[in-house]
Amino acid sequence: MKKFQTLDSSCVPMQVEDVDTDQIIPARFLKATTREGFGENLFRDWRYHPDNTPKEGFVLNDATYKGDILVAGKNFGCGSSREHAAWSLVDYGFRVVVSSFFADIFKANALNNGLLPIQVSEGFLGKIFAAIEKDPNTQVHVNLESQSIRLQESGEEESFEISAYKKKCLMEGLDDIDYLISLKDQIKSFEHNQIAFT
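In terms of this note's numbering, the numbers along the sequence shown are unbroken and rise by one, the last being 1355.
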């Protein structure tokens, strides 16, 4: 997993609430067993007509907006528990999703796949949307160590919560298995001491 410490990026605004995982990646595209290739079908039904031509007006088809941060409305990632939703966002190139509320399972899947979900207040989310509307190149700074997100131009900042374990994994680029392997010497030492004790 790619390490995450800080990120400076413009944002892609998706001011839609209750975005469910079936919209993020429709079920008919869940045929692959690896995590690659899902990005091309991210938001497929919102992004393309049935004849595969891009829909005008959808934010991912609008060259005005680009960046590694998706800013979404409240209740992002609701619906099913499909992990592919996080896979598709990462495969498309997003490293952060900002919302005022995330579905719990989506949030866990995101963290397990190197995607940082940042939950902010409704007020701060509104400030981000307003800043992007005023200037599509609005730069946002994310600092995982200090657990903060800042609008660069105004300096307005808010802190966010993340579990200490997931923070460590993201900062060091470890998934759950990598983390367990990183403890190999400690596990061996513990086992050795247990055998010596018995």
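Where is the CB? At the ideal position from N, CA and C, for every residue including glycine. A quick note: this is a predicted structure, and the numbers were derived from the prediction, not measured.
- Within the same chain, Gly1330 come within 6 angstroms of Lys1160 by CB-CB distance, once the 5 residues on both sides are set aside.
- Here DSSP, grouped into helix, strand and coil, assigns Phe1286 to helix.
- Take the alpha-carbon of Val1299 and the one of Lys1324: they are about 13 angstroms apart.
- For Asn1300, the enclosing beta strand (DSSP E) has its first and last residue at 1297-1300.
- Contact annotation: Ser1256 and Asn1232 have beta-carbon atoms nearer than 9 angstroms.
- Closest in alpha carbon position to Leu1268, among Phe1200, Gly1194, Ile1319, Asp1175, is Ile1319.
- Shown here, Glu1193 sits in coil according to DSSP, grouped into three states, outside any helix or strand.
- Straight-line measurement puts the Cα of Asp1208 at about 28 angstroms from the Cα of Gly1230.
- Within the segment 1242-1328, complete alpha helix (DSSP H) segments of at least 4 residues are found at 1261-1269, 1279-1291, given in chain order.
- Burial check for Lys1345: the Cβ neighbour count within 10 Å stays below 16, so the residue is exposed.
- If you ignore the 5 residues before and after Ile1285, its C-beta comes within less than 6 angstroms of the C-beta of Val1228, all in its own chain and listed in chain order.
- Residue state for Asp1335 is assigned as helix, using DSSP reduced to three classes.
- Between the beta-carbon of His1241 and that of Leu1187 there is about 5 angstroms, and that keeps the pair under the 8 angstroms contact cut.
- The C-alpha of Gly1214 is placed about 11 angstroms away from the C-alpha of Tyr1205.
- In terms of CA proximity to Arg1192, Ser1245 leads the group Leu1282, Lys1291, Ser1245.
- About 28 angstroms separates the Cβ atoms of Gln1180 and Asp1165, ruling out a contact at the 8 angstroms cut-off.
- Cα atoms of Ile1289 and Ile1306: separation of roughly 15 angstroms, rounded to the nearest angstrom.
- By the neighbour-count definition (other C-beta atoms within 10 Å, threshold 16), Gly1283 is an exposed residue.
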